[in-house]
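For reference, the structure discussed in these notes is given below.
Residue numbers (the numbering used here): -8 to 103.
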């Protein structure tokens, strides 16, 4: 089993210096755009000690910084995932309410 790399860049998913910017996706990442898998890493940087994040295996193994490979803080990924699920639940609740209204408007059917 591969040991996660624990040296981390001090950049965040929002503030990155350099020409490229990471694309922020609203879910827990499973694959990088390059096709590599994602690993969970523990930061050892001063601004974010012991903070966990997801990172592209390729970028992590080469210790790339300010690149466009996947980087996302675990807590942000969970928050995004919860917000997305909350939205889906609201949409399903609305759909159930519409179905109930449709059933009520059709009234009871007598099959005699």
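For each residue, glycine too, the CB sits at the ideal point set by N, CA and C.
Subject >> Start and end residues, beta strand (DSSP E) containing residue 44 >> reply: 43 to 47
Checklist entry - If you run the structure through DSSP and keep just helix, strand and coil, what is residue 73? => result helix
Using 8 Å for Cβ pairs, my map puts residue 34 next to residue 44. What's the rounded Cβ distance? 6 Å
Problem set entry | Close-in-space but distant-in-sequence residues of the same chain around residue 21 (CB under 7 Å, 5 per side omitted) | 29
Straight-line gap, residue -4 to residue 76 (C-alpha atoms, nearest Å) = Note that residue -4 scores 40 on pLDDT, short of 50, meaning its location in the model is unreliable and no value can be drawn from it.
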